[in-house]
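Novice: Under our numbering, the residues of the sequence shown are numbered 3 to 757, in order.
Where a beta carbon is used, it is the ideal one built from N, C-alpha and C, also for glycine.
On a predicted model such as this, the values are computed, not experimentally measured, just so you know.
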Amino acid sequence: MKRHFFLFLFLIATAFPAISETQNERPKIGLVLSGGGAKGLAHVGVIRAMEKAGLTPDYVTGTSMGSIVGGLYSIGYTADEIEHMAATVDWDVILSNKIPLNEITFEEKAYYGRYIAELPVDGIKVGLPKGLIEGQQLSELLARLTRSVHDVEDFNNLPIPFACVAADIATGEPVVLNRGSLSESIRASMAIPTAFTPVEIDDRLLVDGGLVRNFPVEEVIDMGADIVIGVFVSNDLHTKEEMDNLITVLTQSAFVTSAFDSRKQKELVDIYIEPELKDFNAGSFKQWQGIIEQGDKAGNEFYETFKNLADSIGRLGPLKEVGKFKKKDEYLITDITITGNKKISSKLIQGKLRIQEGSVLSIDEIEKQISIIFGTRYFDKVEYEIIRNGPKYELIIKVREAPDGYLKMAVQYDSENDIGINANITYRNLFLPPSRALLEFDFSKNPRLDINLLKYIGEKQNAGILLGFDWQDSELPFYENNLEISRFDADYSDLYIQLQSTSFQNFTFGGRAQFEFSELTPIIGELGRVVEQIKNRGIGLKFFTKYNSFDRQFFPRKGMYFSASIKRVFDIRNKVTQISEDSVVVNKTTIVQNMEPFTAVEAFFTYAFKVHKRFSIITENAMVVSSLEEPDFNITDYYFIGGFNPRFRNISEYWGANDKEYVAPNYFYTKLVLQYEPFDNLFVSGILNYVDVQYPMELIYPINVDNYLGGETRRIGYGLSLGYNSPLGPISFSLAKDTKSSKTLTNFNVGFWFR
Numbered sequence: 003m004k005r006h007f008f009l010f011l012f013l014i015a016t017a018f019p020a021i022s023e024t025q026n027e028r029p030k031i032g033l034v035l036s037g038g039g040a041k042g043l044a045h046v047g048v049i050r051a052m053e054k055a056g057l058t059p060d061y062v063t064g065t066s067m068g069s070i071v072g073g074l075y076s077i078g079y080t081a082d083e084i085e086h087m088a089a090t091v092d093w094d095v096i097l098s099n100k101i102p103l104n105e106i107t108f109e110e111k112a113y114y115g116r117y118i119a120e121l122p123v124d125g126i127k128v129g130l131p132k133g134l135i136e137g138q139q140l141s142e143l144l145a146r147l148t149r150s151v152h153d154v155e156d157f158n159n160l161p162i163p164f165a166c167v168a169a170d171i172a173t174g175e176p177v178v179l180n181r182g183s184l185s186e187s188i189r190a191s192m193a194i195p196t197a198f199t200p201v202e203i204d205d206r207l208l209v210d211g212g213l214v215r216n217f218p219v220e221e222v223i224d225m226g227a228d229i230v231i232g233v234f235v236s237n238d239l240h241t242k243e244e245m246d247n248l249i250t251v252l253t254q255s256a257f258v259t260s261a262f263d264s265r266k267q268k269e270l271v272d273i274y275i276e277p278e279l280k281d282f283n284a285g286s287f288k289q290w291q292g293i294i295e296q297g298d299k300a301g302n303e304f305y306e307t308f309k310n311l312a313d314s315i316g317r318l319g320p321l322k323e324v325g326k327f328k329k330k331d332e333y334l335i336t337d338i339t340i341t342g343n344k345k346i347s348s349k350l351i352q353g354k355l356r357i358q359e360g361s362v363l364s365i366d367e368i369e370k371q372i373s374i375i376f377g378t379r380y381f382d383k384v385e386y387e388i389i390r391n392g393p394k395y396e397l398i399i400k401v402r403e404a405p406d407g408y409l410k411m412a413v414q415y416d417s418e419n420d421i422g423i424n425a426n427i428t429y430r431n432l433f434l435p436p437s438r439a440l441l442e443f444d445f446s447k448n449p450r451l452d453i454n455l456l457k458y459i460g461e462k463q464n465a466g467i468l469l470g471f472d473w474q475d476s477e478l479p480f481y482e483n484n485l486e487i488s489r490f491d492a493d494y495s496d497l498y499i500q501l502q503s504t505s506f507q508n509f510t511f512g513g514r515a516q517f518e519f520s521e522l523t524p525i526i527g528e529l530g531r532v533v534e535q536i537k538n539r540g541i542g543l544k545f546f547t548k549y550n551s552f553d554r555q556f557f558p559r560k561g562m563y564f565s566a567s568i569k570r571v572f573d574i575r576n577k578v579t580q581i582s583e584d585s586v587v588v589n590k591t592t593i594v595q596n597m598e599p600f601t602a603v604e605a606f607f608t609y610a611f612k613v614h615k616r617f618s619i620i621t622e623n624a625m626v627v628s629s630l631e632e633p634d635f636n637i638t639d640y641y642f643i644g645g646f647n648p649r650f651r652n653i654s655e656y657w658g659a660n661d662k663e664y665v666a667p668n669y670f671y672t673k674l675v676l677q678y679e680p681f682d683n684l685f686v687s688g689i690l691n692y693v694d695v696q697y698p699m700e701l702i703y704p705i706n707v708d709n710y711l712g713g714e715t716r717r718i719g720y721g722l723s724l725g726y727n728s729p730l731g732p733i734s735f736s737l738a739k740d741t742k743s744s745k746t747l748t749n750f751n752v753g754f755w756f757r
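Set out below in structure tokens:
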């Protein structure tokens with residue numbers, strides 16, 4: 003009440019020039035912005051009204067979302083610029099652990115973005131993460147937006163002096179952040195416990211300041227504010243009737259102390275503004291426009307108050323002018339400093355960074371290289387600052403190393419492949435640095451195992467040696483005239499050593515020496531009466547190149563995948579144990595077939611591009627040309643065709659045929675997908691696909707066209723699919739039909755699968 007009385011006396015005094023001339027200094031204005039999640043975007047509307055009224059605060063404080071808006075405003079961003087940021091940012095990505103697949107290094111792409119849970123492992127002890135979201139994308143965004151003041155240590159030296167509040171999770175005390183890194187301070191102020199991981203600053207583990215001081219009025223008064231404008235966008239305590247679910251009860255339990263504190267802080271405010279936001283909640287970021295409109299409405303209601311205050315203060319002295327620091331888009335980087343790494347060598351980081359001291363780099367180029375370092379998965383967080391030293395700049399890379407290992411889990415059901423549990427254990431530098439050791443197993447009807455050790459080599463760690471073993475067990479059907487005549491249990495193994503490039507984010511090339519072995523045992527059918535066992539062995543070399551710029555693993559909306567390889571198999575042996583019987587005895591005969599060496603050329607190309615914000619076109623293409631002679635039952639070197647989402651080596655989907663219905667040594671496949679996204683992460687797709695076992699391969703190499711596609715040399719299929727990209731993995735229901743078949747096939751899938 004005393005502060006309201008002071009404001010009243012001030013307005014009266016400024017109405018009389020004789021009195022105002024006795025004032026030595028004009029009163030200072032403080033602006034306080036509360037936390038409130040997405041509702042904090044309403045602050046933008048109030049700030050816009052203040053700008054129109056010509057009222058600039060002398061100090062700004064904020065908590066959580068209020069720290070983001072207040073921090074940007076304090077370094078010269080206008081309300082319109084902050085609104086543009088809210089409109090253009092992808093909130094789904096920023097407020098999650100997701101980063102686009104095209105920012106993951108190539109050797110990690112196959113294992114990224116397909117697990118429900120990733121638990122840290124210290125030695126052999128499995129723990130829990132400190133928060134669900136590390137916020138790498140958020141940190142990168144804040145670093146970019148605040149790059150003009152990276153070299154400002156004291157926030158009192160910002161265009162508008164600023165402070166934000168975090169909470170020390172160890173002591174429960176509010177911590178005022180008014181110096182250091184502005185982006186890091188803002189990130190700490192909004193680190194909602196269990197949602198975001200805490201931020202360590204000056205040996206204190208900090209979380210969202212909204213736990214203890216959601217409305218930092220005392221802090222702006224301590225900075226020197228005489229008149230306080232406070233914008234409050236959070237909730238008071240819910241009533242007993244409103245607490246009708248678990249989430250509401252847990253939320254109230256966490257913020258009850260802060261709610262009582264906010265009531266006390268409100269009493270210290272001279273001009274109190276609370277926008278009408280009952281139709282929104284803390285997670286309504288997609289409704290940013292409506293929230294800002296409510297802020298505009300509240301700001302306009304106080305426009306005359308702001309105008310009168312600006313005019314009154316103007317009589318006593320000039321209003322504060324905000325000098326906006328210039329944001330550079332190019333920097334001469336003369337020094338590079340790496341901090342925070344203990345286990346991972348600076349040599350590896352510098353090799354991945356690929357920035358030479360003395361280089362002139364754009365902010366986009368710097369951020370791209372930062373994303374490459376994070377994309378190695380060696381780090382939980384990679385942050386940067388650009389510190390000015392005259393015309394030159396020092397690039398400071400701050401890393402937080404990931405745990406020794408991660409245990410990753412996923413569950414999946416597919417009507418073609420039944421239910422499966424996918425478990426992955428990944429260790430960094432387990433045997434020798436720098437390296438990655440990985441074991442992944444799919445517990446399912448058709449189990450699979452992937453074991454590999456990747457060792458980075460070279461002065462800049464731009465190459466890797468990969469030693470691996472793949473194993474899978476699956477049921478393979480054999481068809482004749484579109485009818486299944488037999489089914490085999492197929493056991494396939496592949497032991498290999500591979501040398502590949504690790505220089506590029508989306509591209510790799512290399513060579514592989516491999517030993518492949520397969521064993522077939524009949525389960526049912528006519529062939530089981532004459533064949534007891536089939537064994538195949540092959541030893542060969544393979545040279546390959548791959549490119550992958552997809553934005554995500556499932557339902558990609560843009561990007562390209564390309565893979566080309568040439569494989570030469572030198573030693574091939576097929577061993578078939580046959581059964582014959584008469585009325586007295588059963589005879590077994592073993593036939594060994596040593597085949598001539600052969601060469602196979604493979605090419606796969608998929609391209610996804612947006613033609614509209616919610617409409618993408620995807621084309622998939624594959625072709626295999628092989629000089630392989632026609633052996634019996636060779637699953638190692640033949641290719642299976644058919645199914646919605648087939649899981650086997652050397653396999654291609656074909657919508658309109660059963661899983662693995664066709665088998666051929668040569669084929670061409672193309673697929674066109676029209677993908678529409680009516681709502682975020684919901685997809686409706688139309689599919690048309692074509693497979694041919696004669697052309698264009700026969701134009702390149704003379705081949706034997708046999709009865710590979712159920713008596714046809716080419717087939718056309720089509721289908722429809724409804725899909726949803728959920729936190730549990732992709733969910734889809736699909737229908738498909740072949741133009742020469744009367745049957746309609748269906749498929750249902752939920753969850754991430756082994757790839």
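#1: In chain order, what residues of the same chain have a beta carbon less than 7 Å from the beta carbon of Gln25, not counting five sequence neighbours either side?
#2: Just reading off the beta strand (DSSP E) that Ile346 is part of, what are its end residues?
#3: For the region 479 to 493 and the region 449 to 458, state whether three or more C-beta atom pairs, one from each stretch, are separated by less than 8 Å.
#4: May I have the straight-line CA-CA distance separating Phe758 from Val324, to the nearest angstrom?
#5: Just to confirm, is the Cβ distance from Phe217 to Ser66 under 7 Å?
#6: Among Leu497, Glu486 and Ser476, which residue has its Cα nearest to the Cα of Leu468?
#7: Run the proximity test for Val222: is its beta-carbon closer than 6 Å to any non-hydrogen atom belonging to the ligand COA?
#8: Can you give me the start and stop residues for the alpha helix (DSSP H) that His86 sits inside?
#9: Which whole-angstrom value describes the C-beta separation of Gly211 and Lys268, a residue pair presumed to lie in contact below a C-beta threshold of 8 Å?
#10: Around the Cβ of Pro698, are there at least 16 other Cβ atoms within 10 angstroms (buried) or fewer (exposed)?
#11: Can you say whether Gln358 is buried or exposed, counting buried as having 16 or more other CB atoms within 10 angstroms of its CB?
#12: To the nearest angstrom, report how far apart Asn99 and Ala284 are at their CA atoms.
#13: Report buried or exposed for Phe756, applying the criterion of at least 16 other Cβ atoms within 10 angstroms of its Cβ.
#14: With DSSP run on the structure shown, which of helix, strand or coil describes Phe108?
#15: Rounded C-beta distance between Gly512 and Thr638? I'm assuming under 8 Å.
#16: For Arg554, does the three-state DSSP call read helix, strand or coil?
#17: Roughly how many whole angstroms lie between the Cα atoms of Asp82 and Val48?
#18: Of the residues Gly658, Glu332, Ala659 and Tyr113, which one's Cα is nearest the Cα of Gly377?
#19: Leaving aside the five residues before and after Gly68 along the sequence, list all residues of the same chain whose C-beta is less than 7 Å from its C-beta, in chain order.
#20: Are there 16 or more other CB atoms within 10 angstroms of the CB of Asp281, so buried, or fewer, so exposed?
#21: So is Lys111 buried or exposed if we call it buried at 16+ other beta carbons inside 10 Å?
#22: Could you check if Lys615 is buried or exposed, using at least 16 other CB atoms within 10 Å of its CB as the buried criterion?
#23: Please say whether Leu140 and Ala172 have beta carbons closer to each other than 7 Å?
#24: Sort Lys662, Ile372, Met562 and Ile653 by Cα distance to Leu485 and report the nearest one.
#25: In terms of DSSP beta bridges, what is Arg649 paired with?
#26: Is Glu387 helix, strand or coil by DSSP?
#27: Ser236: buried (16+ other C-beta within 10 angstroms of its C-beta) or exposed?
#28: In the DSSP output, what is Gln677 paired with across the bridge?
#29: Which one of Glu175, Ala602 and Leu184 has the shortest CA to CA distance from Leu147?
#30: Measure the C-alpha to C-alpha separation of Asp298 and Ile389 and round it to an integer number of angstroms.
#31: Reducing DSSP to helix, strand and coil, say where Arg146 ends up.
#32: Across the region 555 to 575 and the region 598 to 606, are there enough close Cβ pairs to call them in contact, namely three or more that are closer than 8 Å?
#33: Can you tell me which of Val71, Gly115 and Leu355 puts its alpha carbon nearest to the alpha carbon of Ile144?
#34: Gln595 CB to nearest chain C CB: under 7 Å?
#35: Could you give the residue range of the alpha helix (DSSP H) that holds Ile423?
#36: Mind checking whether Asp228 and Lys30 have CB atoms under 7 Å apart?
Specialist: Inspection of the coordinates gives the following:
#1: As a first step, residue 25 must be located in the sequence shown, where it is residue number 23. Caution is warranted here: a pLDDT of 45 is assigned to Gln25, below 50, making its placement in the model unreliable, and the coordinate value is therefore given only provisionally. Counting only Cβ-Cβ distances below 7 Å, and skipping sequence neighbours, we find Leu318.
#2: To locate residue 346, count along the sequence shown from 1; it is residue 344. Note, Ile346: premise wrong, no beta strand (DSSP E); not H, not E.
#3: no
#4: Because the chain spans 3 through 757 in this model, residue 758 falls outside it and cannot be assessed.
#5: Translated into the one-based positions of the sequence shown, residue 217 becomes position 215. Translated into the one-based positions of the sequence shown, residue 66 becomes position 64. For Phe217 and Ser66, no; Cβs fall outside 7 Å.
#6: The residue given as residue 468 occupies position 466 in the sequence shown. Among Leu497, Glu486 and Ser476, the Cα nearest to that of Leu468 belongs to Leu497.
#7: The ligand content of the structure shown is nil, which means the ligand COA is not present either.
#8: What you label residue 86 is simply residue 84 of the sequence shown in a count that begins at 1. That run of the alpha helix (DSSP H) goes Ala81 to Thr90.
#9: Here the question's residue 211 lines up with position 209 in the sequence shown. Here the question's residue 268 lines up with position 266 in the sequence shown. In fact, because the Cβ distance is near 16 Å, the residues do not count as touching under 8 Å.
#10: For the purposes of this step, residue 698 is taken as the residue at position 696 of the sequence shown. Per the 10 Å Cβ criterion, exposed.
#11: The count along the sequence shown starts at 1 and reaches residue 358 at position 356. Gln358 comes out exposed.
#12: Counted from its first residue, the sequence shown places residue 99 at position 97. Counted from its first residue, the sequence shown places residue 284 at position 282. Approximately 18 Å, taken between the alpha carbons.
#13: Residue mapping note: residue 756 aligns to position 754 of the sequence shown, counting from 1. That one is buried.
#14: Mapped onto the sequence shown, residue 108 falls at position 106. Here Phe108 sits in helix by DSSP.
#15: In the sequence shown, residue 512 corresponds to position 510, counting from 1. In the sequence shown, residue 638 corresponds to position 636, counting from 1. The Cβ separation is near 21 Å, so there is no contact.
#16: Taking the first residue of the sequence shown as position 1, residue 554 is located at position 552. In the structure shown, Arg554 sits in coil (DSSP, three-state: anything other than H, G, I, E or B).
#17: For the purposes of this step, residue 82 is taken as the residue at position 80 of the sequence shown. For the purposes of this step, residue 48 is taken as the residue at position 46 of the sequence shown. About 11 Å.
#18: Position 375 of the sequence shown, counted from the start, is the residue given in the question as residue 377. Closest option to Gly377, Cα to Cα, is Tyr113.
#19: Counting from 1 along the sequence shown, the entry for residue 68 is found at position 66. Cβ within range, chain order: Leu35, Ser36, Gly37, Gly42 and His45.
#20: Taking the first residue of the sequence shown as 1, we reach residue 281 at position 279. Exposed, since its Cβ has fewer than 16 Cβ neighbours within 10 Å.
#21: Sequence index remark: in the sequence shown, residue 111 carries index 109 (1-based). So Lys111 ends up on the buried side.
#22: Reading the sequence shown from its first residue, position 613 is the one you call residue 615. By the neighbour-count rule (16 or more Cβ atoms within 10 Å), Lys615 is not buried but exposed.
#23: The residue given as residue 172 occupies position 170 in the sequence shown. The residue given as residue 140 occupies position 138 in the sequence shown. Cβ distance not < 7 Å, so Ala172 and Leu140 don't count as in contact.
#24: The residue you call residue 485 lines up with position 483 of the sequence shown. Leu485 has its Cα closest to that of Lys662, out of Lys662, Ile372, Met562 and Ile653.
#25: What you label residue 649 is simply residue 647 of the sequence shown in a count that begins at 1. Paired residue(s): none; Arg649 is not in a bridge.
#26: Reading the sequence shown from its first residue, position 385 is the one you call residue 387. In the structure shown, Glu387 sits in a strand (DSSP, three-state: E or B).
#27: One-based indexing of the sequence shown puts residue 236 at position 234. Label assigned to Ser236: buried.
#28: Looking up residue 677 in the sequence shown gives position 675. In the DSSP output, where bridge partners are listed per residue, Gln677 has Ser618 and Ser687.
#29: Locating residue 147 in the sequence shown gives position 145, where the first residue counts as 1. Among Glu175, Ala602 and Leu184, the Cα nearest to that of Leu147 is on Leu184.
#30: If you number the sequence shown from 1, residue 298 lands on position 296. If you number the sequence shown from 1, residue 389 lands on position 387. When rounded, the distance between both Cα atoms is 36 Å.
#31: In the sequence shown, residue 146 corresponds to position 144, counting from 1. It is helical.
#32: yes
#33: Along the sequence shown, one-based indexing puts residue 144 at 142. Sequence inspection shows Leu at residue 144; the Ile mentioned does not correspond to that position. Leu144 has its Cα closest to that of Val71, out of Val71, Gly115 and Leu355.
#34: Of the protein chains in the structure, only one exists, and it is not chain C.
#35: Locating residue 423 in the sequence shown gives position 421, counting from the first residue. That residue, Ile423, is in no alpha helix (DSSP H); its beta strand (DSSP E) goes Asp420 to Arg430.
#36: Here residue 228 corresponds to residue number 226 of the sequence shown, with the count starting at 1. Here residue 30 corresponds to residue number 28 of the sequence shown, with the count starting at 1. It is a contact, given that the beta carbons lie within the stated cut-off.
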